[in-house]
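All remarks here apply to the structure that follows.
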Amino acid sequence: TKTVAQVDTYHGVEVADPYRWLEQDVREAPEVAAWVAAENAVTFDYLGRIPERAAIRERLAALWNYERVSVPFRAAGRTFFVRNDGLQNQAVLWVQDSLATPPRVLLDPNGWSADGTVALAGLAPDHGGRRLAYGVAEAGSDWNTWRVLDIETGELLPDELKWIKFSGASWTPDDRGFFYSRYPEPEPGTAYQGLQLNQYLCYHRLGTPQADDLVVFERPDHPDWAVDSVVTEDGRYLLIFVFSAATGDRNDVYVRDLTEPYAGARQLLGGFAHEYGFVGSDGPHLFFLTDREAPRRRLVAIDLRHPEPEAWRELIPQAKGTLESVSWVGRLFIATYLEDATSRVRLFDRNGQHVRDLALGGLGSVSGFPGRGDDTETFYAFTSFTEPGVIYRYDLATGESREYHRTRLAFDPASAAVEQVFFTSKDGTRVPMFLVHRKGLERDGSHPTLLYGYGGFNVSLTPFFSVTLAVWLEMGGVLAIPNLRGGGEYGEEWHRAGTKLAKQNTFDDFIAAAEWLVANRITRPERLAIQGGSNGGLLVGAAMTQRPDLFAVALPQVGVMDMLRFHRFTAGQFWVDDYGSADDPEEFRVLRSYSP
43 TKTVAQVDTY HGVEVADPYR WLEQDVREAP EVAAWVAAEN AVTFDYLGRI
93 PERAAIRERL AALWNYERVS VPFRAAGRTF FVRNDGLQNQ AVLWVQDSLA
143 TPPRVLLDPN GWSADGTVAL AGLAPDHGGR RLAYGVAEAG SDWNTWRVLD
193 IETGELLPDE LKWIKFSGAS WTPDDRGFFY SRYPEPEPGT AYQGLQLNQY
243 LCYHRLGTPQ ADDLVVFERP DHPDWAVDSV VTEDGRYLLI FVFSAATGDR
293 NDVYVRDLTE PYAGARQLLG GFAHEYGFVG SDGPHLFFLT DREAPRRRLV
343 AIDLRHPEPE AWRELIPQAK GTLESVSWVG RLFIATYLED ATSRVRLFDR
393 NGQHVRDLAL GGLGSVSGFP GRGDDTETFY AFTSFTEPGV IYRYDLATGE
443 SREYHRTRLA FDPASAAVEQ VFFTSKDGTR VPMFLVHRKG LERDGSHPTL
493 LYGYGGFNVS LTPFFSVTLA VWLEMGGVLA IPNLRGGGEY GEEWHRAGTK
543 LAKQNTFDDF IAAAEWLVAN RITRPERLAI QGGSNGGLLV GAAMTQRPDL
593 FAVALPQVGV MDMLRFHRFT AGQFWVDDYG SADDPEEFRV LRSYSP
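Going by the working numbering, the sequence shown opens with residue 43, and the numbers climb by one from there.
Written out as structure tokens, the structure is:
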């Protein structure tokens, strides 16, 4: 590979960067495109010579051909869900006008492009259930174009909104328009490489051009701030959430009374010191999930008439498990906890009194519980390493769960075993790890094992189902998933213990997991592969350079690999809160020590 004489100086230290030329956009640099094509040719030539490849491909294709359905949600009596019938490139949006009528296709992205890479990237039906705002993404890009559809007739309205990224749509109560966040149009050639700066909040009125949209909130004095919004269920308040590139998930909140046309947005929660996730509202009372004075999170009620912290009411206090999410549905709080990286669900009334627990089917993950404060039922999904997914209708009054949809495929879950073990990391920290394998596993060190990790950005790795995992198990493979520091499995303290100057803890945990697998005769280094994507790609890159003797195969997928320059491109500035920045002398020293 060609090298260039590129040397940068950081705090008096010279650092060579001979492959800088590969940072050019592959869509615009023929030399880079040719290099990528040549590398791909080498890769596929190697993969093509694997004797088992054809059989693996055939088995994967057979298993992948199964129906997948999302958790439904309702709006104005209509029920919406996305469905993939098996091998479709993109899931299709369906709508059911009532539970007594059959569902019909509302949007099918599979017809939007010849190669099947144009996808549905967000949707928001209006309050009356008449129109749908939805986003379109091309070829995996974060950039979205939003359109509006008449749900009854299927007519596409002329509204088209561009340069949207990391935004939803929140309708006003009159359904005449919605709020959304956008960026300025990028300079030519910078759309896929330049930093995302100066995001601002707009109001779009249906039937008008985007150029006429009203700017509702912007802070050009803080170009690194990002903004999102939601309108409360009663339509009275617009809540504006502001995030700083330097503070990650810790956000500020502004509120605007939509019944007062000349009122501006006032700051409700400031300082970028804590997370504030909006759960719902009841008149002037706003419910927030927060880590303020609770690293494993709690639920508080804030009265807009007396918003000072000393007047907050704690509805659900911090518990032993991490409070992952709360839904406000049917005047009940449905709280989902993580306890040793598995889901537990508890229900509380409007005053925070415990009502009941939701029984689940073992070690698994729960998602869903959409709805409004006045609904009588909701939907949720349960999945695990051996359960592809079951969706339930849940009666909020009786607590009864009724099966709504069960995913079925030609895989025998009874042949697999799932266990959770705990190992000790380099500094003595106790770390959990899931092991998935065929029943009757002999601990003789012979088993091909895939060690998968992430460990960052407060993201929790919980049980999931994967077709590739099913085939891996059928072939005698073992899957190991450790819950590394940097993730969110045990709250903010666990997250912070794997960030910035402490990032090496994440890699130490991963390496300790591999050592445990070898010491306990699950596998041996020559039979051990490691895999991770994005932040997990960095994890694999660091682990394979620090301990190349411990792994036979490394699969770093779309990893953050240049830790000295990542913050200069696209959304990289928003990763500084986890990684730190080479602009800081001490953080530079640590980043350079592990940058792959």
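In this text, a Cβ means the ideal position worked out from N, Cα and C, and glycines have one as well.
Quantities reported herein were computed from a predicted structural model and do not represent experimental measurements.
Reference Leu-129, options Asp-150, Trp-106 and Leu-135, closest by Cα: That would be Trp-106, whose Cα lies nearest to the Cα of Leu-129.
Ordered list of alpha helix (DSSP H) runs contained in the segment 86-111, each at least 4 residues: Segments of the alpha helix (DSSP H) lying fully in the segment 86-111: 95-106.
Given Met-603 as reference, the closest of Thr-428, Gly-497, Thr-195 and Gly-583 once Cα atoms are compared: Cα-wise, what sits closest to Met-603 is Gly-583.
Residue environment, Gln-309, which counts as buried when at least 16 other CB atoms sit within 10 Å: By the Cβ-count criterion, Gln-309 is exposed, with fewer than 16 other Cβ atoms from all chains shown falling within 10 Å of its own Cβ.
Neighbour-count burial assignment, Leu-13, 16 or more Cβ in a 10 Å radius: For residue 13 there is no data in the structure shown, the boundaries of the chain being 43 and 638.
Nearest-angstrom beta carbon gap, Val-134 and Gly-147 [assumed within contact, 8 Å]: The amino acid at residue 147 is misidentified as Gly; the sequence shows Val. Yes, Val-147 and Val-134 are in contact; Cβ-Cβ is about 6 Å, under 8 Å.
Nearest-angstrom Cα separation, counted from Asp-620 out to Asn-500: Each residue's alpha carbon lies about 9 Å from the other.
The segment 519-529 / the segment 478-491 touching (three or more Cβ pairs under 8 Å): Yes: at least three Cβ pairs fall under 8 Å.
Leu-311 to Tyr-296 span [Cα, whole Å]: Leu-311 and Tyr-296: Cα-Cα distance of roughly 7 Å.
Straight-line Cα distance separating Pro-567 from Thr-195: Looking at the two C-alpha atoms, the distance is approximately 60 Å.
Pro-687: first and last residue of the uninterrupted alpha helix (DSSP H) it sits in: Here the chain has residues from 43 to 638 only, and residue 687 is not among them.
Inter-residue spacing [alpha-carbon to alpha-carbon] between Ser-623 and Glu-629: Computed Cα separation, rounded: 6 Å.
Per-residue burial, Ala-458 [other beta carbons within 10 Å of its own, 16 or more giving buried]: Ala-458 is buried by the Cβ-count criterion.
Contact check, Tyr-279 vs Arg-298, beta carbons under 8 Å: Result yes, Cβ atoms of Tyr-279 and Arg-298 sit closer than 8 Å.
Cβ shell of Pro-598 (< 7 Å), same chain only, five flanking positions each side left out: Closer than 7 Å at the Cβ level, and outside the excluded window around Pro-598, lie Gly-574, Gly-579, Val-582 and Gly-583.
Contact between the segment 358-378 and the segment 407-418 (3+ Cβ pairs under 8 Å): They touch, by the three-pair rule.
Cβ contact (3+ pairs, closer than 8 Å) linking the segment 355-373 and the segment 325-344: The segment 355-373 makes contact with the segment 325-344; the number of CB pairs closer than 8 Å reaches 3 or more.
Sequence-distant residues of the same chain with beta carbon closer than 7 Å to Gln-66, five excluded per side: The beta carbon of Gln-66 sits closer than 7 Å to the beta carbons of Val-74 from its chain, once the five residues preceding and following it are set aside; these are given in chain order.
Contact the segment 90-103 vs the segment 113-121: 3+ CB pairs below 8 Å: No: fewer than three Cβ pairs fall under 8 Å.
Per-residue DSSP class, three states only, for His-609: Assignment of His-609 by DSSP, reduced to helix, strand and coil, places it in the helix class.
Which listed residue (Tyr-61, Ala-76 and Arg-62) has its alpha carbon closest to that of Val-68: Cα-wise, what sits closest to Val-68 is Ala-76.
Contact between the segment 222-229 and the segment 198-213 (3+ Cβ pairs under 8 Å): A contact exists between the segment 222-229 and the segment 198-213.
Own chain partners of Ile-98 with C-beta closer than 7 Å, once the 5 adjacent residues on each side are dropped: Sequence-distant partners of Ile-98 (beyond 5 residues in either direction) whose C-beta falls short of 7 Å from its own C-beta, in its chain, are Val-513.
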